[in-house]
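Novice: Numbers given in our numbering equal positions in the sequence shown, counted from 1, plus 45.
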Amino acid sequence: MPRVNLDSLPYSTGKKTRLHRILFDNGPGNGLAMILPIDHGLEHGPVDFFANPESVDPRWELRLAKEGEYSAIVFHYGVAEKYMHQFAGEVPLILKVNGKTSIPPDLEAFSPQTATVEDAVRLGADAIGYTLYVGSPLQGEDFRQFQMVRREADRYSMPIIVWAYPRGKYIEEKGGRDSLYAIEYAARTAVELGADVVKLNVPVFDAEKMKLLPKPYDTMRLSMRDAIARLVTAAAGIPVLISGGGRMSDQDLLDRAWASIEAGASGLIFGRNMFQRSLDEAISISNRIKEMMRQTPRSRGKTRRAA
Ligand code: FBP
């Protein structure tokens, strides 16, 4: 699968400059990103930090991002504003500009705006993150909100990474949020609306749920690599980041990383699978993933800029 080439993307100079910091100046440094998302305190609650109590302190994750040489860390506004200053310039920031708790049912999922692009500029962010719940009954409101954010992002030349997540009662009626049908559709929707980078979950092929899928998806069963390759195709040349999900074994995580890279993804964004390990374990597996990423052909004719 040919990897996305930053030079070929028709983005503004400002967006390319910021994406260059994430894709080339930090992390693996060859056009692939390894990103640490830390928005779980809002999205799932403190429970996600119980497996590694130290991780409740955002400075622990900032230390992991710095010592593990990540491409960027993701925070919501409050944590970014209180903690990023201690690592300013050392770890690139992706500011989430919308979010929600997991307390209301997901059947009518909608993630209201919590910060602006101007906040992101003030905090020195290199991109913003926006969660788009594709297929939700509140999708219309989401599209309108996204359009406002997208216009502000274009004005400030701030890249938008869209967490393109199928969600809500209609998605459940059509085979669920983890199907290839739903995730592929979410990928394309994000592209249609103006995402600069798309973040996607790995499809799951559940025999019972597949009976609810529209044709031809009801009979399609693919390997992880081939399923991710389809997502990359659905994203129509826009860089794709692949999510981690719940905690898994080292081998399963490495397999997911390898399948994603082989399939043409532009990066990985693993949260719980990193911060639910001890610092040493998290740095060690991050290094293995970075090495794996560095073994793949470069997506651009250079790596880091000369110092
Ligand atoms: P993980 O690697 O921990 O799954 O993090 C990726 C992520 O997209 C987070 O940014 C977000 O908080 C979470 O997953 C959302 O997961 P879900 O949609 O399952 O609530």
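All C-beta atoms in this analysis are idealised placements derived from N, C-alpha and C, irrespective of residue type, glycine included. If you're wondering where the values come from, they're calculated on a predicted model, not measured in any experiment.
Does any heavy atom of ligand 1 sit closer than 7 Å to the C-beta of P55?
Specialist: Checking every heavy atom of ligand 1 against the Cβ of P55, none is found closer than 7 Å.
Novice: Roughly how many angstroms separate the alpha carbons of S279 and I148, rounded to a whole number?
Specialist: Strictly speaking, residue 279 in this sequence is Ala, with Ser absent from that position. For A279 and I148, the distance between alpha carbons rounds to 32 Å.
Novice: Quick one: does the C-beta of E88 sit closer than 7 Å to a heavy atom of ligand 1?
Specialist: yes
Novice: Say whether the stretch 217-230 touches the stretch 254-272, bearing in mind that this needs 3 or more beta-carbon pairs closer than 8 Å, one atom from each stretch.
Specialist: yes
Novice: Return the bridge partner residues of V179 from the DSSP annotation.
Specialist: P211
Novice: Would you kindly work out how many angstroms separate the C-alpha atoms of L324 and K219, rounded to a whole number?
Specialist: 40 Å
Novice: Excluding the 5 residues preceding and the 5 following P204 in the sequence, name in chain order all residues of the same chain whose CB lies nearer than 6 Å to its CB.
Specialist: K60, R63, L64, A172 and D241
Novice: Could you tell me the alpha carbon to alpha carbon distance between G113 and G291, rounded to whole angstroms?
Specialist: 20 Å
Novice: For a minimum of 3 consecutive residues, which ranges assigned as the beta strand (DSSP E) are wholly contained in the stretch 182-257?
Specialist: 205-211 and 242-245
Novice: Return the residue from the list Y210, I118 and G239 that minimises the CA-CA distance to L68.
Specialist: Distances from the CA of L68 to each of Y210, I118 and G239 were compared; the closest alpha carbon is that of I118.
Novice: For the alpha helix (DSSP H) that contains A308, what are its first and last residues?
Specialist: Per DSSP, A308 belongs to no alpha helix (DSSP H) and is neither H nor E.
Novice: In angstroms with no decimal places, state the Cα-to-Cα distance between A304 and S288.
Specialist: 12 Å
Novice: Once you ignore the five residues that flank L310 on each side, which residues in its own chain have a CB closer than 7 Å to its CB?
Specialist: Rather than Leu, the amino acid found at residue 310 in this sequence is Ala. Contacts found: I273, V277, V285, L286 and I287.
Novice: Compare the Cα-Cα distances from G174 to each of T58, Y262, I206 and E135 and report the closest residue.
Specialist: I206 is the residue among T58, Y262, I206 and E135 whose C-alpha sits nearest the C-alpha of G174.
Novice: Over what stretch of residues does the beta strand (DSSP E) that includes P331 continue unbroken?
Specialist: Sequence check: residue 331 is Ser here, not Pro. Element bounds for S331: not the beta strand (DSSP E) but the alpha helix (DSSP H), L324 to R339.
Novice: Fully enclosed by the stretch 71-135, which alpha helix (DSSP H) runs are 4 residues long or longer?
Specialist: Fully enclosed alpha helix (DSSP H) runs of 4 or longer: 85-88, 103-112 and 122-128.
Novice: Is it the case that the CB of Y210 approaches a heavy atom of ligand 1 more closely than 7 Å?
Specialist: yes
Novice: How would you call N332, buried or exposed, if buried means at least 16 neighbouring beta carbons within 10 angstroms?
Specialist: exposed
Novice: Kindly examine ligand 1 and report whether one of its heavy atoms sits closer than 7 Å to the Cβ of I314.
Specialist: yes
Novice: Keeping to the same chain, check which residues put their C-beta closer than 8 Å to that of E163; ignore five residues upstream and five downstream.
Specialist: E197 and Y201
Novice: Going by Cα to Cα distance, which pick from A281, E336 and D84 is closest to A302?
Specialist: E336
Novice: Within the present structure, is the beta-carbon of H121 separated from the nearest heavy atom of ligand 1 by less than 7 Å?
Specialist: no
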